[in-house]
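Q: Residue numbers (mature numbering (1 follows the signal peptide of the UniProt record, and there is no 0)): -18 to -1, 1 to 242.
Ideal Cβ positions, reconstructed from N, Cα and C, are used throughout, including at glycine.
Keep in mind it's a predicted model, so treat the numbers as computed, not measured.
1) Helix, strand or coil: how does DSSP classify residue -8 here?
2) In whole angstroms, what separates the C-alpha of residue 172 from that of residue 179?
3) Quick check: what's the CA-CA separation for residue 25 versus residue 139?
4) Looking at the secondary structure, which residues open and close the alpha helix (DSSP H) in which residue 231 lies?
5) Work out the CA separation of residue 108 and residue 121 for me, nearest whole Å.
6) With distances taken between CB atoms, is the gap from residue 170 to residue 196 smaller than 8 angstroms?
7) Looking only at its own chain, which residues have a Cβ that is under 6 angstroms from the Cβ of residue 133, when we skip the five neighbours before and after it?
8) Which residue wins for smallest C-alpha separation from residue 12, given the options 4, 91, 85 and 46?
9) Mapping DSSP to helix, strand and coil, what is residue 4?
10) How many whole angstroms separate the CB atoms of residue 183 and residue 152, which I take to be in contact at a CB cut-off of 8 angstroms?
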């Protein structure tokens, strides 16, 4: 992981690092001990909107935490969610795949883990409980989209290079959160066929959604560590600075819109 980039995320708003208050939290998710991370910036006063951040298939690592920090700097209460239990993360694709498969073998349990984090974030004293959203990366994108399919009471969900397959296809009128999908046009892990199928599903469900495809962007285009991972494990992923910047800007507009 590019440490300088991680530091840059925390300093993105040009404010003092000391203004951030981040805390590791332990909670129960469907009978499993979960270890997440909640952060807010004390330069923003009063209760504020909150955003859940669901990690890539690697687990709750520094990248997910850094994105939560970045959201806190933008004025939100953010929580980096643990979907695997005990806050564990992987450093090899085989382990990441095993963790992901274990976490999703029972989708009711997967949903329970998400909702446990949602309940904890909603109860935070700095959170406006009526204004919650969720974002996810890769595996996390799949999680938040599937929670939206279930009509989870969120204002919106946003997926960054997330898998688009459904645990159960959305029913008409069921998708109540607004949906933003940001994907790479050259992502062969989420090919054009998958995007088209998702588009058809959302249209049939009469969802309020938007799909943005970034030309030249591959899978994991927001993660500066993707190039090193690609080289080490021969994976078809790559960082794309232009798509990263553009997608984060789209997220800010999206959050401002759903929370207004």
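A: In this structure, then:
1) Numbered from its first residue, the chain shown carries residue -8 at position 11. Confidence at residue -8 is low in this model, with a pLDDT of 47, below 50, so the placement of that residue should be treated as unreliable; the coordinate-derived value is given next. DSSP places residue -8 in coil when its eight states are reduced to three.
2) Here the question's residue 172 lines up with position 190 in the chain shown. Here the question's residue 179 lines up with position 197 in the chain shown. Their Cα atoms are separated by approximately 11 angstroms.
3) For this step, residue 25 is matched to residue 43 along the chain shown. For this step, residue 139 is matched to residue 157 along the chain shown. Put simply, the backbone Cα of residue 25 is about 26 angstroms away from that of residue 139.
4) In the chain shown, the residue the question calls residue 231 occupies position 249. 223 to 241 is the span of the alpha helix (DSSP H), which, as asked, contains residue 231.
5) Here residue 121 is taken as the residue at index 139 of the chain shown, counted from 1. Here residue 108 is taken as the residue at index 126 of the chain shown, counted from 1. Rounded to whole angstroms, residue 121 and residue 108 show a C-alpha spacing of 28 angstroms.
6) To locate residue 170, count along the chain shown from 1; it is residue 188. To locate residue 196, count along the chain shown from 1; it is residue 214. Their beta carbons are not under 8 angstroms apart, which means residue 170 does not touch residue 196 by this criterion.
7) Your numbering for residue 133 matches position 151 in the chain shown. Counting only residues of its own chain and dropping the five nearest sequence neighbours on each side, residue 133 has a CB closer than 6 angstroms to the CB of 156 and 158.
8) Taking the first residue of the chain shown as 1, we reach residue 12 at position 30. The residue with the shortest Cα to Cα distance from residue 12 is 91.
9) As a position in the chain shown, residue 4 is number 22, starting the count at 1. If DSSP states are grouped into helix, strand and coil, residue 4 belongs with the strands.
10) Numbered from 1 along the chain shown, position 201 holds the residue referred to as residue 183. Numbered from 1 along the chain shown, position 170 holds the residue referred to as residue 152. Right, their Cβ atoms sit about 6 angstroms apart.
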